[in-house]
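*Asks:* My structure is below; once you've seen it, I'll send some questions.
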Amino acid sequence: MSINYYSIFIHKYTSMHDVLDIIRNVQDLYSLSPTLGILKDFERVVDELDVYVFKNWDEGELLSGPKDHRHFVECSFMWPMDKMPDPQGGKRLTDKGCKVTYAKDTLFKPRPIKGPEDYRPGTTKGRIDGHPIWVVNIRMPKELIGNFKHGQDIETTVDYQAAQDAANAS
Numbered sequence: 076m077s078i079n080y081y082s083i084f085i086h087k088y089t090s091m092h093d094v095l096d097i098i099r100n101v102q103d104l105y106s107l108s109p110t111l112g113i114l115k116d117f118e119r120v121v122d123e124l125d126v127y128v129f130k131n132w133d134e135g136e137l138l139s140g141p142k143d144h145r146h147f148v149e150c151s152f153m154w155p156m157d158k159m160p161d162p163q164g165g166k167r168l169t170d171k172g173c174k175v176t177y178a179k180d181t182l183f184k185p186r187p188i189k190g191p192e193d194y195r196p197g198t199t200k201g202r203i204d205g206h207p208i209w210v211v212n213i214r215m216p217k218e219l220i221g222n223f224k225h226g227q228d229i230e231t232t233v234d235y236q237a238a239q240d241a242a243n244a245s
């Protein structure tokens, strides 16, 4: 039985994250061999759809995932509150069949120690401060990932032989 020693705090219907959640997720990426490949395929689709052209999309950090489900892959990314990603990038993903949700959340991280007031009482560790973030959850169909993996896009697949036959018939 596995016990997780980190917690996700629940507050007003949102889950707050801390740095340990992110570290645990990155460790899982490297310990489970197919997970990193899934994340690379996920990123390839986002890149091929030119989502990074939109403001702040290239500054996001992986918060959780990829979570591999039967018909889709789900990842959550975070941005500082003042650098919300442009919703037009999310619309581009939605047009291809992805489900994109935006949420405000809080990331807890230790304060840099500059003086005695920065320590937690009775410890030598820094105080934990909450920082507001944007969380974008992307749920991408595996069919879309497979199409981009094989160099095909659903809407741009063309029967070249039929097009050539039609051109020769004219």
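FYI, the working numbering numbers position 71 of the sequence shown as 146, with every residue one higher than the one before it. Yeah, the Cβ is synthetic: ideal placement off N, Cα and C, and Gly gets one too.
Skipping 5 residues on each side, what residues in its chain have a beta carbon closer than 8 Å to that of Arg195?
*Replies:* As a first step, residue 195 is located in the sequence shown; it is residue number 120 there, counting from the start. Correct list, in chain order: Gly201, Arg202 and Ile203.
*Asks:* What did DSSP end up calling Leu107 once you bin it into helix, strand or coil?
*Replies:* Along the sequence shown, one-based indexing puts residue 107 at 32. Of the three classes helix, strand and coil, the one that applies to Leu107 here is coil, per DSSP.
*Asks:* Can you list, in chain order, the residues of its chain with a C-beta nearer than 7 Å to that of Arg214? Leave out the 5 residues immediately preceding and following it.
*Replies:* Position 139 of the sequence shown, counting from 1, holds the residue named residue 214. These residues qualify, in order along the chain: Phe147, Glu149, Cys173 and Lys174.
*Asks:* Once the 5 residues before and after Phe183 are set aside, which same chain residues still bring their CB inside 6 Å of it?
*Replies:* Position 108 of the sequence shown, counting from 1, holds the residue named residue 183. Taken in chain order, the residues that qualify are Asp93, Ile203 and Gly205.
*Asks:* With 16 as the cutoff for other CB atoms within 10 Å, does Ile229 come out buried or exposed?
*Replies:* For the purposes of this step, residue 229 is taken as residue 154 along the sequence shown, with counting starting at 1. Note that Ile229 scores 43 on pLDDT, short of 50, meaning its location in the model is unreliable; the coordinates nonetheless yield the value given after this. The residue in question, Ile229, is exposed, as its Cβ has fewer than 16 Cβ neighbours within 10 Å.
*Asks:* Below 6 Å CB to CB, which residues in the same chain sit around Glu123 once its five sequence neighbours on both sides are set aside?
*Replies:* Position 48 of the sequence shown, counting from 1, holds the residue named residue 123. Correct list, in chain order: Phe223.
*Asks:* Can you list, in chain order, the stretches of the alpha helix (DSSP H) that have 4 or more residues and sit fully within the segment 164-239?
*Replies:* Entirely contained in the segment 164-239, the alpha helix (DSSP H) runs reaching 4 residues are, in chain order, 217-224.
*Asks:* Under a Cβ-count criterion, where at least 16 other Cβ atoms within 10 Å of its own Cβ denotes burial, should Ile113 be classed as buried or exposed?
*Replies:* Mapped onto the sequence shown, residue 113 falls at position 38. Label assigned to Ile113: buried.
*Asks:* Distance, Cα to Cα, Ile98 vs Asn243?
*Replies:* On the sequence shown, position 23 is the one that residue 98 refers to. On the sequence shown, position 168 is the one that residue 243 refers to. The alpha-carbon atoms of Ile98 and Asn243 are separated by roughly 60 Å.
*Asks:* Please name the residue or residues paired with Trp154 in a DSSP beta bridge.
*Replies:* Residue 154 sits at position 79 when you count from the first residue of the sequence shown. Answer is Trp209, bridged to Trp154.
*Asks:* Give me the Cα-Cα distance between Leu285 and Val101, rounded to the nearest whole angstrom.
*Replies:* No information on residue 285 is available, as it lies outside the stretch 76 to 245 that the chain covers here.
*Asks:* Return the CA-CA distance between Asp240 and Lys171, expressed in angstroms with no decimal places.
*Replies:* Taking the first residue of the sequence shown as position 1, residue 240 is located at position 165. Taking the first residue of the sequence shown as position 1, residue 171 is located at position 96. One C-alpha to the other measures close to 30 Å.
*Asks:* When you compare only the Cα positions, how much space is there between Asp193 and Leu95?
*Replies:* Here residue 193 refers to the residue found at position 118 of the sequence shown. Here residue 95 refers to the residue found at position 20 of the sequence shown. Going from the Cα of Asp193 to the Cα of Leu95 covers about 20 Å.
*Asks:* Would you kindly work out how many angstroms separate the C-alpha atoms of Pro216 and Asp116, rounded to a whole number?
*Replies:* Within the sequence shown, the letter at position 141 stands for residue 216. Within the sequence shown, the letter at position 41 stands for residue 116. Looking at the two C-alpha atoms, the distance is approximately 12 Å.
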